[in-house]
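Participant: Dumping the structure here so I can ask a few things about it.
Chains as they are written, first to last, in this note's numbering: chain A, 1 to 114; chain B, 1 to 117.
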């Protein structure tokens, strides 16, 4: 079952605009991660934010985390055609049993129009 | 350039046949995950290994799927017998231990696209 749910499912914007994607999750987490997947390829890690962090930056990426609302957002500034991809949030929950596989949402498909 | 290697990249087979997918994790990584991706279900965790020991395979249909790590450089996912509903992209991912023993980011292979006719 999906822990994270991304919103919107699809997003189309013009090159140069900012893109914002949101993720909601259900249970307490250890950390939340964002991944990108280009068509026909594997997932690539973008950024990780821990449960005690509220905001993190990496290049043109900005991630926020609100644990009280169980939500996160990914902002891509000054979008480029190469940013066209699907973006997934993934959560790692606190588990006593030792299993700590990431649980992924279904993703936001981002299209950057040139 | 360290990366996770999966074979085969594409597999077309007939219902009832055995399918074996292989994964070579990044050297030094001690966790290996198998995920299945479909349009309907998204990414589902099938199995998880740490230090070659299976820790969680609750997402895997036990009657036909099996996952093993014969050694630290090879993980396998086997389907026997295969069914059309098994058609999906199967991803292997590996991760390295961080301070405190908890893993962070995962490194994914390019996937094995399976079509069962």
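Each residue gets a CB set at the ideal place from its N, CA and C atoms; glycine is no exception.
1. Do you know offhand how far residue 65 of chain B's Cα is from residue 4 of chain B's?
2. Consider the Cβ of residue 20 of chain A: report whether some Cβ of chain B lies at a distance smaller than 8 Å.
3. For the region 60 to 75 of chain B against the region 14 to 26 of chain B, are there 3 or more C-beta pairs whose distance is under 8 Å?
4. Using the beta-carbon count (16 or more within 10 Å), is residue 21 of chain A buried or exposed?
5. State the DSSP-derived secondary structure class of residue 84 of chain B, mapped to helix, strand or coil.
6. May I ask which residues mark the beginning and end of the beta strand (DSSP E) holding residue 117 of chain B?
7. Closest Cβ-Cβ distance between residue 36 of chain A and chain B: below 8 Å?
8. Please check if any C-beta of chain A sits within less than 8 Å of the C-beta of residue 105 of chain B.
9. Kindly confirm or deny that the region 29 to 38 of chain B and the region 55 to 71 of chain A touch, where touching means at least three C-beta pairs closer than 8 Å.
10. Looking at the secondary structure, which residues open and close the beta strand (DSSP E) in which residue 48 of chain B lies?
11. Determine the DSSP secondary structure at residue 83 of chain A, reduced to helix, strand or coil.
12. Within 8 Å (strictly less), CB to CB, does residue 117 of chain B reach chain A?
13. Determine whether the beta carbon atoms of residue 12 of chain B and residue 115 of chain B lie at a separation below 8 Å.
14. I need the boundaries of the beta strand (DSSP E) containing residue 21 of chain A, first residue and last residue.
15. Going by DSSP in three states, residue 112 of chain A sits in which element: helix, strand or coil?
16. If the cut is a Cβ gap below 9 Å, which residues of chain A does residue 42 of chain B touch?
17. By Cβ distance, which residues of its chain are closer than 7 Å to residue 112 of chain A, with the 5 residues on each side in sequence left out?
18. Could you compute how far the alpha carbon of residue 98 of chain A sits from the alpha carbon of residue 85 of chain B?
19. By the 10 Å Cβ neighbour count, where 16 or more other Cβ atoms means buried, how is residue 106 of chain A classified, buried or exposed?
20. Consider the Cβ of residue 33 of chain A: report whether some Cβ of chain B lies at a distance smaller than 8 Å.
21. If I follow the unbroken beta strand (DSSP E) through residue 56 of chain B, where does it start and stop?
22. Whole angstroms is fine: what's the gap from residue 6 of chain B's alpha carbon to residue 33 of chain A's?
Facilitator: In terms of the structure at hand:
1. Going by the C-alpha atoms only, they are around 21 Å apart.
2. At a cut-off of 8 Å between beta carbons, residue 20 of chain A makes no contact with chain B.
3. Segments in contact, yes.
4. Buried.
5. Assigned with DSSP and collapsed to three states, residue 84 of chain B falls in helix.
6. First-last for residue 117 of chain B: undefined, no H or E at that position.
7. So no, residue 36 of chain A is outside the interface.
8. Answer yes: the Cβ-Cβ gap between residue 105 of chain B and chain A drops below 8 Å somewhere.
9. Verdict: no, contact absent.
10. From DSSP, the beta strand (DSSP E) with residue 48 of chain B extends over 42 to 50.
11. Helix, per DSSP.
12. Interface annotation, residue 117 of chain B: not in contact with chain A, CB-CB separation never under 8 Å.
13. Yes. Within cutoff.
14. Boundaries of the beta strand (DSSP E) around residue 21 of chain A: 19 to 24.
15. Strand.
16. Correct list: 2, 88, 104, 105, 106 and 107.
17. Hits under 7 Å: 13, 15, 79, 80, 81, 83 and 84.
18. Residue placement at residue 98 of chain A is flagged as unreliable, the pLDDT there being 43, under the threshold of 50; a coordinate-derived value is accordingly withheld.
19. Taking all protein chains in view, the Cβ of residue 106 of chain A is crowded by 16 or more other Cβ atoms within 10 Å, so the residue is classified as buried.
20. With 8 Å as the cut-off, residue 33 of chain A counts as an interface residue toward chain B.
21. Per DSSP, residue 56 of chain B is one residue of the beta strand (DSSP E) stretching across 53 to 56.
22. It is roughly 23 Å from the alpha-carbon of residue 6 of chain B to the alpha-carbon of residue 33 of chain A.
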